[in-house]
Each structure stands twice: as structure tokens, then as C-alpha cells.
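Enquirer: Heads up: the protein sequence lines correspond to chains A and B, in order. Per the working numbering, numbering of the first sequence is gapless, rising by one per residue and ending at 225. Per the working numbering, numbering of the second sequence is gapless, rising by one per residue and ending at 1198. Every residue gets a Cβ at the ideal spot worked out from N, C-alpha and C, and that includes glycine. Quick caveat, the model's predicted, so the values are computed rather than measured.
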Amino acid sequence: MINNHPNTQLLTDYATGGLSMAPLISITTHLQFCDQCREAVSGLNILGGELLTECDEAELSDDLLAQTLAMLDAPMATNTDAEAAAGTPKSSLCPDLASQLPKYLHRFLNSQELEWRSLSSTLSVAAISVGETDYELALHRIDAGGKAPVHDHKGTELTVVLKGSFSDEDGIYREGDFLMREPGDVHRPSATQDQACICLSVLSAPIKLTGIKQVLNPFMQFNPS
Amino acid sequence: MNKPSGPDWNALLVKVGSHQDKAAFGALFSHFGPLLKGFLLKGGGVEPEQAEELVQETMIKVWRKAPSYAPTQAAASTWMYTIARNTRIDWLRKHAKKNHQTDELVAEDLFDENEESSPFTALIQTRNASNIREHLNSLPQEQLQVLTLMYFQGKSGQEVADELAIPLGTVKSRVRLALQKLKLKISPNGEEQVVYAS
Chain A
1 MINNHPNTQL LTDYATGGLS MAPLISITTH LQFCDQCREA VSGLNILGGE
51 LLTECDEAEL SDDLLAQTLA MLDAPMATNT DAEAAAGTPK SSLCPDLASQ
101 LPKYLHRFLN SQELEWRSLS STLSVAAISV GETDYELALH RIDAGGKAPV
151 HDHKGTELTV VLKGSFSDED GIYREGDFLM REPGDVHRPS ATQDQACICL
201 SVLSAPIKLT GIKQVLNPFM QFNPS
Chain B
1001 MNKPSGPDWN ALLVKVGSHQ DKAAFGALFS HFGPLLKGFL LKGGGVEPEQ
1051 AEELVQETMI KVWRKAPSYA PTQAAASTWM YTIARNTRID WLRKHAKKNH
1101 QTDELVAEDL FDENEESSPF TALIQTRNAS NIREHLNSLP QEQLQVLTLM
1151 YFQGKSGQEV ADELAIPLGT VKSRVRLALQ KLKLKISPNG EEQVVYAS
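Listed below in C-alpha cells is the structure:
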């Protein structure tokens, strides 16, 4: 049972096309696990369809249909290659990892090699590039029983638990759970003892470490591209 | 499914998918094309010629994707809406110069293809659509305005708040009230950022 979901505003922004790519990916990832939110999004899409149907019509140029019909038979060059490539995980991607992640995510992982960097003895991060500068998308892995450093947030952090579970001061989060941390929230996630925890995370601005060890921010050792 | 009077758009869309039926496509084009153009123009920020380009692009995608259309999962209008939304997202990204690196990623890949595929969807779809039709016109103006900005312009809640110079919290509550009135399911967490697991 999933206890933590995106709020209504995020789901609405998702359905109306108001989200940037990285947050969009985090919501879709949550939907892979969550029937309730999928149903909510489905309703919001129906509303989109109704608003479209109720819209005032705007007259089209006379020849637009003919032009469009003429284009239908043109071979589709784009996408077929990408679709074929998205079908199976590339061997360079750690196969163990691929089998643990929702199929939906494979296409983002296939397009690049995941480079895991150790941030501490138990925490590593692998950046995923989607060509955005305002957000960072990454996988975080906390080894079984490991702890992430205490940190708070300057910007918003969205997290989806993909595998395993972790806990912090406020609770325990399991596969599919979606968390949103706002500026000012301080927490220290740690993985449960039995297995490593892998999360997808989206950061909108640098996280700052609290306490003395503010030398390096381990969450920010990669650059958005 | 309760069928609206007039042509059965769902059935026409199925025909396009199963038989590459150009007559059916033409009928869909003639019906949805002007609606799509109106939808895009209402959002603003798009010139009429660009709106037609987007209509064309959307309809070509409809042709290409029609074989995967399942009327039990979505009404033609809902399906068209999602394709038009994705087409607009890609168009806007292409025209925003800062994001030119990953053009191979398209909105279609970012959304959940199985968004609609729960066993009860057909039922929910029918119920939702008739609730929406029944209550949409009686929404208070301020709620309709927020929904309109979000859907027609693809603006986020924050952007709508900025544009109307009202707090984000006000936008959120207008959205919530509107969705309640339309009897649409909202997030299990409601407006909360996080409901902590116990």
C-alpha cells in the first residue's frame, strides 16, 4: 500500500502539461506503482478532453486537410529507431539494476551510461541527463543500513522510492512512495537493514548540508546538463 | 458508454487504427481540427499559422498512433487531448532555446502510456465525462479561469498564481474546489505536500 502521493496540484500540473521534464518523469514513475493516482490523472485527462470538446471552433485553412492527408503516407523516419532501442536495456546498464526499475525508466537509462559516484561509504548517486538546467534528475542508492547525510533543502526535492525502503525522522517510505520536500525541511534518510534502497530524485536547487561538515554537498557533485 | 448524439468518434478512431481509413480520418479531422485550433488559440502565445501547424502535427500523430487506441480506455476526445498536449509541450520546448540538447526525448515518452489502463476505466470514464459535462458550466468564474489557464496554456499552478497575482494557495484551493464540483478524484494526499507514513 502506497502512503505517500504527489499532491493534487502536482497531478494537475502533470495532466495539463505544466511540468518540466524532470518532475514530469518523477510523477510518471510514481504512476507505475500507484493505481489511485493513475485514476486521478485519468479523470484530469478526461476534463482536458471535455474542455477541448467545449471549445469555440476556429476555422481551418481550406487546404489543411488535403495537405495533412498527403503527409500521412510519408514514411515515419523518426522514432522507430528510438522505440526499438527503448525495448531492451542496453548491456552497459547494470542488468541487475535494470531489472529492479520500472520499465518506463529504462529508456532514460539506455540513452546514457549510468555513472555511479560514491558520496559516502553507503551513499551513491548517478545523474540522468534530460537536457534541463532548472532541475537535476538522479538515482540515489543507500546501501542496506546506510545513512545519507543530514541535509535540508534550498529548493524542492521530489523523491520516488524505486526499490527497497528508507526512513527518516517522519516515517518509513516504501516502493512507489512519492515525497516532496520543501525549503526548510531537514531530514536524514537511512535505508532499512535488509536491502539497499534506490530512489529517483529531482532537485530544483542546491541542497545544503546542515551541521559542521558543510564542506561538500554530496548531493550536488554532479552538474546539471 | 453513453454515446453523445452525432457521429461516434471513438468508432471512427478505431477505424483509422484498424483499416487506415482515410475517410474516417477526414471526418475526425473536420470535427477535432477546428476544436484543436480553437483550444490552442485560446491559450495564446501561438499565431494562427502556428496553431494550424500544431493541429496538423497532432492529427498526423493521431493517424500514426491510432492502432494503439482502445475505446474502452479513453474517449476519442480525451485521447486527442493528451496527444495535443504532448505536441504542444514538444513545440514549446523546441522553441525555448535553453533546452536544445535532448531533442530525441519527446513528451510522448515522458508520460505514462498505460495511464488509462485500469480495469474500471471505461466505467470511470463514462461517469467522469457526464459529471464534467453536467457541472462544468456552473463552475464559479474564478475556478473556471484557473482551470482554463492551466489546460489551455499548459501553465503550472505557480505560473497561474504569478499571472493572476494571487497566492499559490488560492490557486490550489480553486483547483481543488473545481475538481470536487466536477466530482473528479483528487490525490489521495489531497493538498498536503506529504502525508507521513505511520
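Applying a beta-carbon distance threshold of less than 7 Å, which residues of chain B neighbour residue 176/A?
Expert: Locating residue 176/A in the first sequence gives position 176, counting from the first residue. Residues of chain B passing the Cβ test: none, with the nearest at roughly 12 Å.
Enquirer: Count the other CB atoms within 10 Å of the CB of residue 149/A; is the residue buried (16 or more) or exposed (fewer)?
Expert: Stepping through the first sequence from its first residue, residue 149/A is reached at position 149. Buried is the call here.
Enquirer: With H, G and I counted as helix, E and B as strand and the rest as coil, what does DSSP make of residue 37/A?
Expert: As a first step, residue 37/A must be located in the first sequence, where it is residue number 37. Helix at residue 37/A.
Enquirer: Check whether the Cβ atoms of residue 1125/B and residue 1074/B lie closer than 8 Å to each other.
Expert: As a working note, residue 1125/B is residue 125 in the second sequence. As a working note, residue 1074/B is residue 74 in the second sequence. Cβ distance < 8 Å, so residue 1125/B and residue 1074/B count as in contact.
Enquirer: Going along chain B, which residues have a C-beta under 8 Å from residue 189/A?
Expert: Position 189 of the first sequence holds residue 189/A. By Cβ distance, chain B contributes nothing, its closest Cβ being about 13 Å from residue 189/A, past 8 Å.
Enquirer: What does residue 1052/B touch in chain A if you count any residue whose Cβ is under 8 Å from its own?
Expert: Here residue 1052/B corresponds to residue number 52 of the second sequence, with the count starting at 1. Within 8 Å Cβ-Cβ: 60, 61 and 64.
Enquirer: Does any residue of chain A bring its CB to less than 8 Å from the CB of residue 1134/B?
Expert: Within the second sequence, residue 1134/B is the residue found at index 134, counting from 1. Judged by the 8 Å Cβ criterion, residue 1134/B is not in contact with chain A.
Enquirer: Three or more C-beta pairs closer than 8 Å, one from the segment 1153 to 1161 of chain B and one from the segment 1035 to 1048 of chain B: is that the case here?
Expert: yes
Enquirer: Here's a check: name, in chain order, each residue in its chain whose Cβ is nearer than 7 Å to the Cβ of residue 1177/B, leaving out the five neighbours to either side.
Expert: As a working note, residue 1177/B is residue 177 in the second sequence. Excluding positions up to five away in sequence, the list reads 1143.
Enquirer: Where residue 87/A and residue 106/A are concerned, what is the direct C-alpha to C-alpha distance, given to the nearest angstrom?
Expert: In the first sequence, residue 87/A corresponds to position 87, counting from 1. In the first sequence, residue 106/A corresponds to position 106, counting from 1. For residue 87/A, the predicted model reports a pLDDT of 46, less than 50, meaning its position is unreliable and no value from the coordinates is stated.
Enquirer: For residue 1142/B, decide whether its Cβ has a neighbour in chain A, counting only Cβ atoms nearer than 8 Å.
Expert: Here residue 1142/B refers to the residue found at position 142 of the second sequence. Not closer than 8 Å to any Cβ of chain A, the Cβ of residue 1142/B fails to qualify, so no.
Enquirer: Buried or exposed for residue 133/A, going by 16 or more other Cβ atoms inside 10 Å?
Expert: What you label residue 133/A is simply residue 133 of the first sequence in a count that begins at 1. Exposed, because fewer than 16 other Cβ atoms sit within 10 Å of the Cβ of residue 133/A.
Enquirer: According to DSSP, residue 159/A sits in a beta bridge with which residue or residues?
Expert: Sequence index remark: in the first sequence, residue 159/A carries index 159 (1-based). Note: residue 159/A sits in a beta bridge opposite 179/A and 201/A.
Enquirer: Is the CB-CB distance between residue 146/A and residue 198/A below 8 Å?
Expert: As a position in the first sequence, residue 146/A is number 146, starting the count at 1. As a position in the first sequence, residue 198/A is number 198, starting the count at 1. Contact flag unset, no.
Enquirer: Along chain B, in chain order, which residues have C-beta atoms closer than 7 Å to that of residue 153/A?
Expert: Reading the first sequence from its first residue, position 153 is the one you call residue 153/A. Within chain B, no residue comes near residue 153/A; the closest Cβ sits about 12 Å away, beyond 7 Å.
Enquirer: Would you say residue 1030/B faces chain A, with C-beta separation under 8 Å as the test?
Expert: Taking the second sequence and counting its residues from 1, the one referred to as residue 1030/B is at position 30. Under the 8 Å criterion on CB atoms, residue 1030/B is classed as interfacial with respect to chain A.
Enquirer: Could you pull the DSSP bridge partners for residue 168/A from this structure?
Expert: Your numbering for residue 168/A matches position 168 in the first sequence. DSSP, once it has assigned bridges, lists 171/A as partnering residue 168/A.
Enquirer: When you compare only the Cα positions, how much space is there between residue 202/A and residue 171/A?
Expert: Start at 1 with the first residue of the first sequence, and residue 202/A comes out as number 202. Start at 1 with the first residue of the first sequence, and residue 171/A comes out as number 171. For residue 202/A and residue 171/A, the distance between alpha carbons rounds to 20 Å.
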